[in-house]
Amino acid sequence: MSAEVEPTLSGGTDEHVRRVRLPADRRTPAAARALVRAMLLEAGLPELLNEALLLTTELTTNAVEHARTELDIEVEADRAGLTVTVTDFASGPVDELTVGVRNTTSDITEVATRGRGLLLVDHFASRWGTTYLPTGKGVWFRLDRPALRGAGRPTAVQTSVAAAATERSDDGTPSAAAMSELMQTTPDPYAEEPLPEFAAGLLTRVAEMVGAAGGTVRLDRGDGLGTQVFARYGRHPREGNELLRVPLAVHRPYAGELELDAAPSTYARPLAVLAAERLSLHLENDRLRRADVRRSAWLTFLAEASELLAQSLDVELTMALVPQLVVPRLGQWCAVHTTDEWGRLRLAASSHADEAMLPHLHRVLQETGPDSVQSRLREASRSAAQVPLGGPVEGIAVPLVARGQRLGTLAVGRHQRHRHDPDEVSVLEDVARRAALAIENARIHAERRRVAQTLQQSLLPPVLPVVEGIGFAAEYVPTGDDAEVGGDFYDVVPLPDGRWLVVVGDVSGKGVQAAAVTGLVRDVIRVLVGDGKPLPEVLGRLNETLVERGGGRYCTLALAAVGPGDGDQLDVALHLAGHDRPVLLHGGGGATFVGTGGTALGLLDTITTPTAELALKPGDSLIFYTDGVTERRRGRELFGTERLRESAAPLAGYSADVVAARLRAATIAFSVEPPRDDIAVLVLRNDTP
Numbered sequence: 001m002s003a004e005v006e007p008t009l010s011g012g013t014d015e016h017v018r019r020v021r022l023p024a025d026r027r028t029p030a031a032a033r034a035l036v037r038a039m040l041l042e043a044g045l046p047e048l049l050n051e052a053l054l055l056t057t058e059l060t061t062n063a064v065e066h067a068r069t070e071l072d073i074e075v076e077a078d079r080a081g082l083t084v085t086v087t088d089f090a091s092g093p094v095d096e097l098t099v100g101v102r103n104t105t106s107d108i109t110e111v112a113t114r115g116r117g118l119l120l121v122d123h124f125a126s127r128w129g130t131t132y133l134p135t136g137k138g139v140w141f142r143l144d145r146p147a148l149r150g151a152g153r154p155t156a157v158q159t160s161v162a163a164a165a166t167e168r169s170d171d172g173t174p175s176a177a178a179m180s181e182l183m184q185t186t187p188d189p190y191a192e193e194p195l196p197e198f199a200a201g202l203l204t205r206v207a208e209m210v211g212a213a214g215g216t217v218r219l220d221r222g223d224g225l226g227t228q229v230f231a232r233y234g235r236h237p238r239e240g241n242e243l244l245r246v247p248l249a250v251h252r253p254y255a256g257e258l259e260l261d262a263a264p265s266t267y268a269r270p271l272a273v274l275a276a277e278r279l280s281l282h283l284e285n286d287r288l289r290r291a292d293v294r295r296s297a298w299l300t301f302l303a304e305a306s307e308l309l310a311q312s313l314d315v316e317l318t319m320a321l322v323p324q325l326v327v328p329r330l331g332q333w334c335a336v337h338t339t340d341e342w343g344r345l346r347l348a349a350s351s352h353a354d355e356a357m358l359p360h361l362h363r364v365l366q367e368t369g370p371d372s373v374q375s376r377l378r379e380a381s382r383s384a385a386q387v388p389l390g391g392p393v394e395g396i397a398v399p400l401v402a403r404g405q406r407l408g409t410l411a412v413g414r415h416q417r418h419r420h421d422p423d424e425v426s427v428l429e430d431v432a433r434r435a436a437l438a439i440e441n442a443r444i445h446a447e448r449r450r451v452a453q454t455l456q457q458s459l460l461p462p463v464l465p466v467v468e469g470i471g472f473a474a475e476y477v478p479t480g481d482d483a484e485v486g487g488d489f490y491d492v493v494p495l496p497d498g499r500w501l502v503v504v505g506d507v508s509g510k511g512v513q514a515a516a517v518t519g520l521v522r523d524v525i526r527v528l529v530g531d532g533k534p535l536p537e538v539l540g541r542l543n544e545t546l547v548e549r550g551g552g553r554y555c556t557l558a559l560a561a562v563g564p565g566d567g568d569q570l571d572v573a574l575h576l577a578g579h580d581r582p583v584l585l586h587g588g589g590g591a592t593f594v595g596t597g598g599t600a601l602g603l604l605d606t607i608t609t610p611t612a613e614l615a616l617k618p619g620d621s622l623i624f625y626t627d628g629v630t631e632r633r634r635g636r637e638l639f640g641t642e643r644l645r646e647s648a649a650p651l652a653g654y655s656a657d658v659v660a661a662r663l664r665a666a667t668i669a670f671s672v673e674p675p676r677d678d679i680a681v682l683v684l685r686n687d688t689p
């Protein structure tokens, strides 16, 4: 804060003059008081200190608040007294200089209507006046030394010495010391609840100044508790007494008043208004602070609500979660209605602070008629705007709208003690938007999951064939994202020569494109083997098809043609095109890998797929699998092929169903994480007795 100071000392007199220019700042009154205090001490006029500081504070504060321009402060001290002039630069009409002596009692009421600042100036100054200039306007006051004043005008020092126990002078008017103390009273910044104590002190001080027998400050914070006694002084007013009531200048939801049981006097109402304004200032700060804390709490609530809603991709669970978030923080009860395909509202979830009231709430929500809650909910859904609810369940209905789609309504009942305030309505609308988006996301995910499951099922045989002497069993676990289609598949196809073809494959990638390639591979195999093509030719033609198709997708395959062999054996012709070697589980115990690796399909123009001839004895099993088994992760550790062989070895002698189920369980139990890739296991067993 900067200031320009121009000191002046007249050479021929004992006159001291200081001029300073100060900005329109809250610190300006303090700077002006410091200047006046220094001048009084320099001029040897300490007896004028209280009145001078009080009046300087009033004039500078008034100028800062209303003019909002720079101020010129001129202080002139001589042997006879002190003159202070406060000039601002706000535009205004030019008028003549007005000079006045201290007003008489009959004129005080007129002065009081012009402002409490001028009332104080009029009361304590020996003379005062105003001047209007083209550049602004000024107010000045003159304080004479006590010896030069009238006998009826004691100074603040004289008053405090003569009547230290009272706040008023002999003529019933407040003293400068009392006024100064009233103006400087502030809440204790270190108290846990400073405002009630501050209000009580302020009320006590102003009551003593005006001679009130009692006083009360009442405040309603809009928190549902109603009007409460915030501070009290003296006795309760007797019946028939006319009370002096001053409303507190606070904003909603705060409301209150200051009440004094005081005899009518010239200064009672202005001082009561002054005290009410000082209290209102701190109550407004309290309201703003509480509002800020409350808004921060609402932001935290909305962030937590969003996080909880985002964690669920189940439609029913999401809708059930919404009322739990709303009750009881935002209302006494909550109901979520969704719109079906015919546009009718259906109750999807509800909650009540008193669970015993839920049946009654459901009955009211089901009632029909022009004035029913149902009609209000339909109006909110149709108009996509909030609608108040009346009748037995007061509250508000907010539409659920996401991506332009009207999903239903969110109905919330009012609190028992108060209605929803604007902040709560805004939060409710925000909750409704977030809930609608979460419900829509859950619906989209459910639809994707349904499509993925339908598409995945179309790529797998509904059942495996039942063949005498041959046991088939398969286990399939889709990737952890059940809304994604995997590239793993298996099939068992009859061959024209009476044998059966076992197919296990894995197309690179996931999603619709991988599913399209999977369907292509599966259909090409079925068509070619149905035409009697040998397996090496089938693999070659399939490779040509994938290479021509392009797209960077490739496929690994394991084909095994199985049929009766010598005696009770099964002959198997095994072809591997880039696929992992199957495990041969001997009926008598032990497990080994069989087959010779070949080239994956869709990468090169020519491929090699060596044929391995196997003979399965009764009780022997051939275990096929995809890389979702061997690449199952636990941290950095893989399940691996060796662990698969070790897991299969103890299963010798078990049926194909048991072997497939046990291997699936061992693979899943290896890690607590959901599968990152599809898991497919197919077991072929010689079931000849």
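For what it's worth, full-length UniProt numbering labels the leading residue of the sequence shown as 1, then goes sequentially.
For glycine and all other residues, C-beta sits at the position ideal for the given N, C-alpha and C.
Please read these numbers as outputs of a predicted model, since none were measured by experiment.
(message) Pop quiz: A380 and V683 are said to be a contact at Cβ under 8 Å. What is the actual Cβ separation, rounded to whole angstroms?
(response) Against the sequence shown, residue 380 aligns to sequence position 380. Against the sequence shown, residue 683 aligns to sequence position 683. A380 to V683, Cβ: 58 Å. No contact.
(request) Grab me the residues of P237's own chain with a C-beta within less than 7 Å of its C-beta, minus the 5 sequence neighbours each way, in chain order. (result) In the sequence shown, residue 237 corresponds to position 237, counting from 1. G214, L243 and D261, listed in sequence order.
(message) Just to confirm, is the Cβ distance from V507 to R553 under 8 Å?
(response) The residue labelled residue 507 in the question sits at position 507 within the sequence shown. The residue labelled residue 553 in the question sits at position 553 within the sequence shown. Contact flag set, yes.
(request) Provide the residue(s) that pair with F593 in DSSP beta bridges, ordered along the chain. (result) For this step, residue 593 is matched to residue 593 along the sequence shown. Paired residues: V583.
(request) With DSSP collapsed to three states, give me the class of P298. (result) Within the sequence shown, the letter at position 298 stands for residue 298. Note on identity: in this sequence residue 298 is Trp, with Pro being the wrong assignment. Note: W298 maps to helix in three-state DSSP.
(request) Kindly identify the DSSP beta-bridge partner or partners of V503. (result) Locating residue 503 in the sequence shown gives position 503, where the first residue counts as 1. Its beta-bridge partners are D491 and L559.
(request) Could you tell me the distance, in whole angstroms, from the CA atom of G567 to the CA atom of T641? (result) Here residue 567 corresponds to residue number 567 of the sequence shown, with the count starting at 1. Here residue 641 corresponds to residue number 641 of the sequence shown, with the count starting at 1. Between G567 and T641, the C-alpha separation is close to 32 Å.
(message) Is it buried or exposed, V451, if we count other Cβ atoms within 10 angstroms and call 16 or more buried?
(response) In the sequence shown, the residue the question calls residue 451 occupies position 451. The residue is exposed, with fewer than 16 neighbouring Cβ atoms inside 10 Å.
(request) Pick out the complete alpha helix (DSSP H) segments inside the stretch 386-412, 4 residues or longer, and give them in chain order. (result) none
(message) With H, G and I counted as helix, E and B as strand and the rest as coil, what does DSSP make of N241?
(response) Translated into positions along the sequence shown, residue 241 becomes position 241. Correct three-state label for N241: coil.
(message) According to DSSP, is residue 703 part of a helix, a strand, or is it coil?
(response) The chain is shown only over 1 to 689; residue 703 falls outside these bounds and no answer can be derived.
(message) Short of 6 Å in beta carbon distance, which residues of its chain neighbour R287, apart from the five on each side in sequence? Order them along the chain.
(response) Position 287 of the sequence shown, counted from the start, is the residue given in the question as residue 287. Excluding positions up to five away in sequence, the list reads Y254.
(request) In angstroms with no decimal places, state the Cα-to-Cα distance between T609 and K533. (result) To locate residue 609, count along the sequence shown from 1; it is residue 609. To locate residue 533, count along the sequence shown from 1; it is residue 533. Approximately 15 Å, taken between the alpha carbons.
(request) Helix, strand or coil for A611, going by three-state DSSP, please let me know. (result) The residue given as residue 611 occupies position 611 in the sequence shown. It is Thr, not Ala, that sits at residue 611 in the sequence shown. DSSP places T611 in strand when its eight states are reduced to three.
(message) I believe L400 touches L410 by the beta-carbon criterion, under 8 Å. Please report the beta-carbon distance rounded to the nearest angstrom.
(response) Position 400 of the sequence shown, counted from the first residue, corresponds to residue 400. Position 410 of the sequence shown, counted from the first residue, corresponds to residue 410. Between L410 and L400 the Cβ distance is about 6 Å, and since that is below 8 Å, they are a contact.
(message) Whole angstroms are fine: how far does the CA of L71 sit from the CA of F89?
(response) Here the question's residue 89 lines up with position 89 in the sequence shown. Here the question's residue 71 lines up with position 71 in the sequence shown. Straight-line Cα distance between these residues: approximately 7 Å.
(message) Rounding to the nearest angstrom, what Cα-Cα distance links A591 and G653 in this structure?
(response) Counting from one through the sequence shown, the residue named residue 591 turns up at place 591. Counting from one through the sequence shown, the residue named residue 653 turns up at place 653. Rounded to the nearest angstrom, the two C-alpha atoms are 12 Å apart.
(message) Would V393 and L361 qualify as a contact pair, given that the criterion is a beta-carbon distance under 8 Å?
(response) What you label residue 393 is simply residue 393 of the sequence shown in a count that begins at 1. What you label residue 361 is simply residue 361 of the sequence shown in a count that begins at 1. Yes, they are a contact pair.
(request) From the DSSP output, read off the bridge partner residues of S350. (result) Along the sequence shown, one-based indexing puts residue 350 at 350. DSSP output for S350 lists A335 as bridge partner(s).
(message) On the CB-based measure, 16 or more other CB atoms within 10 Å of its CB, does A164 come out buried or exposed?
(response) Residue mapping note: residue 164 aligns to position 164 of the sequence shown, counting from 1. Because A164 carries a pLDDT of 32, less than 50, the predicted location of this residue cannot be relied on, and the following value inherits that uncertainty. By the 10 Å Cβ count, A164 comes out exposed.
(message) Using a Cβ-Cβ cutoff of less than 6 Å, which residues in the same chain neighbour T61 once the five nearest sequence positions on both sides are dropped?
(response) Here residue 61 corresponds to residue number 61 of the sequence shown, with the count starting at 1. Excluding positions up to five away in sequence, the list reads P29.
(message) By the DSSP assignment, the alpha helix (DSSP H) with V210 in it spans what residues?
(response) Taking the sequence shown and counting its residues from 1, one reaches residue 210 at position 210. V210 -> alpha helix (DSSP H) spans P194 to V210.
(message) If I measure Cβ to Cβ from L48 and keep anything under 8 Å in the same chain, skipping five residues before and after, which residues do I get?
(response) As a first step, residue 48 must be located in the sequence shown, where it is residue number 48. Result list for L48: L40, G81, L82, L143, R145 and T155, in chain order.
(request) Taking the CB atoms as reference points, tell me whether L274 and D430 lie closer together than 8 Å. (result) Translated into the one-based positions of the sequence shown, residue 274 becomes position 274. Translated into the one-based positions of the sequence shown, residue 430 becomes position 430. For L274 and D430, no; Cβs fall outside 8 Å.
(request) Return the CA-CA distance between R127 and V250, expressed in angstroms with no decimal places. (result) Along the sequence shown, read from residue 1 onward, the residue named residue 127 stands at position 127. Along the sequence shown, read from residue 1 onward, the residue named residue 250 stands at position 250. Going from the Cα of R127 to the Cα of V250 covers about 36 Å.
(request) Please state whether DSSP places F639 in a helix, a strand or coil. (result) In the sequence shown, residue 639 corresponds to position 639, counting from 1. In this structure, F639 counts as coil in the three-state DSSP scheme.
(request) For my contact list, A577 and L557 are in at a C-beta cut-off of 8 Å; report their separation, rounded to the angstrom. (result) For this step, residue 577 is matched to residue 577 along the sequence shown. For this step, residue 557 is matched to residue 557 along the sequence shown. About 4 Å; that satisfies the 8 Å criterion.
(message) Quick check on the DSSP output: the beta strand (DSSP E) that includes L260 runs from which residue to which?
(response) As a position in the sequence shown, residue 260 is number 260, starting the count at 1. A255 to L260 is the extent of the beta strand (DSSP E) around L260.
(request) Mind reading off the beta-carbon distance from A680 to G628? Whole number of angstroms is fine, and I expect it under 8 Å. (result) Residue mapping note: residue 680 aligns to position 680 of the sequence shown, counting from 1. Residue mapping note: residue 628 aligns to position 628 of the sequence shown, counting from 1. About 7 Å; that satisfies the 8 Å criterion.
(message) Counting beta carbon pairs with one atom in the stretch 658-675 and one in the stretch 441-458, are three or more of them shorter than 8 Å?
(response) no
(request) With DSSP collapsed to three states, give me the class of S671. (result) Here the question's residue 671 lines up with position 671 in the sequence shown. Here S671 sits in coil by DSSP.
(message) On the criterion of 16 or more Cβ atoms from any shown chain inside 10 Å, does P675 qualify as buried, or is it exposed?
(response) Counting from 1 along the sequence shown, the entry for residue 675 is found at position 675. When all chains shown are included, P675 counts as buried.
(request) Less than 8 Å between the CB atoms is what I'm expecting for V477 and Y490, so what's the real figure, rounded? (result) Taking the first residue of the sequence shown as 1, we reach residue 477 at position 477. Taking the first residue of the sequence shown as 1, we reach residue 490 at position 490. That belief does not hold up - the Cβ atoms of V477 and Y490 are roughly 12 Å apart, past 8 Å.
(message) Quick check: the stretch 454-469 against the stretch 515-535, are at least 3 beta-carbon pairs closer than 8 Å?
(response) yes
(message) The beta strand (DSSP E) that contains G215, what's its start and end?
(response) Position 215 of the sequence shown, counted from the first residue, corresponds to residue 215. Unbroken beta strand (DSSP E) run through G215: G214 to D220.
(request) Take V467 as the anchor and find which of T186, T688, E208 and P196 has the nearest alpha-carbon. (result) The residue labelled residue 467 in the question sits at position 467 within the sequence shown. Out of T186, T688, E208 and P196, T688 has the C-alpha closest to the C-alpha of V467.
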